[in-house]
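Protein chains in written order, with full-length UniProt numbering: chain A, 1 to 215; chain B, 1 to 215.
Beta carbons are placed, not taken as given, at the ideal position from N, Cα and C, and that holds for glycine.
What follows is a single structure, written as structure tokens, with notes after it.
Number of protein chains: 2
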Amino acid sequence: MEKDKIDKKEHILDVAEKVFADLGYDGASTRTISGEAGVNMAMLNYYFGSKEGLFLAVFERKINSFRTLLQNISSDGSMNAWDKLDKCIDNYVERIIANNCFQKLINREVSMNKRGDLTDKIIEILMVNVYEVKRIMEEGVNNGLFHADADIPLVIATLFGTKNYIVNMPQISSLVLGHDIRDEKFMENELKPRVKTYMKRLLKAYLVKEHDNSK
Amino acid sequence: MEKDKIDKKEHILDVAEKVFADLGYDGASTRTISGEAGVNMAMLNYYFGSKEGLFLAVFERKINSFRTLLQNISSDGSMNAWDKLDKCIDNYVERIIANNCFQKLINREVSMNKRGDLTDKIIEILMVNVYEVKRIMEEGVNNGLFHADADIPLVIATLFGTKNYIVNMPQISSLVLGHDIRDEKFMENELKPRVKTYMKRLLKAYLVKEHDNSK
DNA sequence: CAAAATTAATCAAACGATTGATTAAGCGTA
DNA sequence: TACGCTTAATCAATCGTTTGATTAATTTTG
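Structure, rendered in structure tokens:
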């Protein structure tokens, strides 16, 4: 049936996304992916033409969900810059930290930079989110809510970099935190709220003028 | 002569470091490395036992110098926790941001969790440095210089994560910063002091009690 | 010192294993 | 039967590694 076909392709894409994230593009062999997905090796080429086609399919499937993540927050006139940033942090932590394997995949391919066409596409997508956050922060500076000499580009590097460090190097952050961050319960009940609280307090301490230090 | 022998091994390590960084561990074949270095393929195994041995040799050569530097700072009794951290940031930025291709390599390999033996060794070596920084921060908390409720593990994620973001995704951070960070002059004269200033101000604002906010 | 013995360094060639990809035959359903 | 799906078998290419032979350097010996 048509429905089974779609479900099977989706299943392959799910598995491929995870395997690519774990092993990288080179490290993820077509045999490993097909084996993990429980399908014959030739099915990958049958459905997606080639390994690169499969990779592109994995990537493009995710594009839409990343497009609109922050835009509605940014354009909300009822919030000041800090409240928007607060909301951005909430959404980002909630959404990215939980489903992290695609982020790992993206970061690795961007840092590799040897597959030009694909890398350019990925960067273009990522920049949409980055510019959205940057715009919010600059709004805060212009409104006098944030320090005028705040280094916004580097704050962005901190916001996304801290998140990347946690999700991209789970073994290291697990050791530093004292818990396995791949544990679903710890992630949901402890790490997520903890990262939210930390990130807000950190950025507030650096960005916001005369904020309440006590809490 | 003895000197030539050493120089040759060092030359192979130099080339291997660059090729590994450009192509990744999987992407860098022993043939490419030996070809680029102008030596016979078998020399890699003769000198370093295996491809993995070569990689580890490249890795340990880089990490050792920084490790002793950190330990010297950490054990210096004449500085308080913040001054130590200040010095760590200076050294870290000066050292890592400039020579970044190796850091990209390390982060890429660690973020793949399925190459067990090699990844474990890398993590083990990296953690020495991470724990050193952690120890300094905890010292600051215990001495009452830093806020008692400071989330030290996440501060570490910020410190290393911000750096990683800048050096691992130069295309993105170049766009955010408005300059090509791969430009040597900009990197040395502007980015380095800027990151130092930012990192200290950020961590100070979050960590240190009753610091001077004005500057 | 010089010849012999030993060790270290280097090379081309080939190894078995694995890679991404393709093939032709078999399968189930319409 | 005819068609879309699935499979095992197989392809050439490349992988990291090993081999045996050869040369260069060093040490031992007479």
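Give a yes or no on whether the minimum CB-CB distance between residue i and chain B is below 8 Å.
| i | result |
| --- | --- |
| residue 54 of chain A | no |
| residue 107 of chain A | yes |
| residue 153 of chain A | yes |
| residue 12 of chain A | no |
| residue 200 of chain A | no |
| residue 144 of chain A | no |
| residue 110 of chain A | yes |
| residue 205 of chain A | yes |
| residue 23 of chain A | yes |
| residue 26 of chain A | yes |
| residue 77 of chain A | no |
| residue 59 of chain A | no |
| residue 160 of chain A | yes |
Suppose the cutoff is 8 Å on Cβ atoms and the five residues either side in sequence are ignored; what does the same chain contact list for residue i look like?
| i | result |
| --- | --- |
| residue 177 of chain B | 191 |
| residue 143 of chain A | 80 and 81 |
| residue 110 of chain B | 119, 122, 123 and 126 |
| residue 32 of chain B | 19 and 23 |
| residue 106 of chain B | 59, 122 and 126 |
| residue 222 of chain B | What is shown of chain B runs 1 to 215, which leaves residue 222 of chain B out entirely. |
| residue 71 of chain B | 132 |
| residue 86 of chain A | 200 |
Establish whether the CB of residue i and some CB of chain A are separated by less than 8 Å.
| i | result |
| --- | --- |
| residue 19 of chain B | no |
| residue 15 of chain B | no |
| residue 164 of chain B | yes |
| residue 8 of chain B | no |
| residue 195 of chain B | yes |
| residue 156 of chain B | yes |
| residue 104 of chain B | yes |
With burial defined as no fewer than 16 other Cβ atoms inside 10 Å of the residue's Cβ, what is the status of residue i: buried or exposed?
| i | result |
| --- | --- |
| residue 193 of chain A | exposed |
| residue 148 of chain A | exposed |
| residue 68 of chain B | exposed |
| residue 65 of chain B | exposed |
| residue 84 of chain A | buried |
| residue 46 of chain A | exposed |
| residue 189 of chain B | exposed |
| residue 132 of chain B | buried |
| residue 209 of chain A | exposed |
| residue 34 of chain B | buried |
| residue 104 of chain A | buried |
| residue 218 of chain B | The displayed coordinates of chain B run from 1 to 215. Any statement about residue 218 of chain B would go beyond what the structure contains. |
| residue 185 of chain B | exposed |
Excluding the 5 residues preceding and the 5 following residue i in the sequence, name in chain order all residues of the same chain whose CB lies nearer than 6 Å to its CB.
| i | result |
| --- | --- |
| residue 139 of chain A | 81 |
| residue 201 of chain A | none |
| residue 195 of chain B | 93 |
| residue 26 of chain B | none |
Using a Cβ-Cβ cut-off of 7 Å (strictly less than) and excluding sequence neighbours within five positions of residue i, which residues of its own chain qualify?
| i | result |
| --- | --- |
| residue 61 of chain A | 13 |
| residue 173 of chain A | 165, 166 and 181 |
| residue 102 of chain A | 17, 21 and 62 |
| residue 48 of chain B | 54 and 57 |
| residue 36 of chain A | 15 and 19 |
| residue 30 of chain B | 41, 44 and 51 |
TODO: Please name the residues in the stretch 167-179 of chain A whose beta-carbon is closer than 8 Å to at least one beta-carbon of chain B, in chain order.
DONE: 168, 169, 170, 171, 172, 173, 175, 176, 177 and 178
Task: Sequence ranges, alpha helix (DSSP H) only - wholly within the stretch 168-194 of chain B, length at least 4 - done: 170-177
TODO: Identify every run of the alpha helix (DSSP H) within the UniProt domain "HTH tetR-type" (6-66) of chain B, keeping only runs that are complete inside it and at least 4 residues long; order them along the chain.
DONE: 30-37 and 41-48
Open item on the list: Extract the residue ranges of the alpha helix (DSSP H) inside the stretch 113-173 of chain A, only unbroken runs of 4 or more that lie entirely within it.
Closed with: 116-142 and 152-168
Open item on the list: Against chain A, which members of the UniProt DNA-binding region "H-T-H motif" (29-48) of chain B pass a CB distance test of less than 7 Å?
Closed with: none
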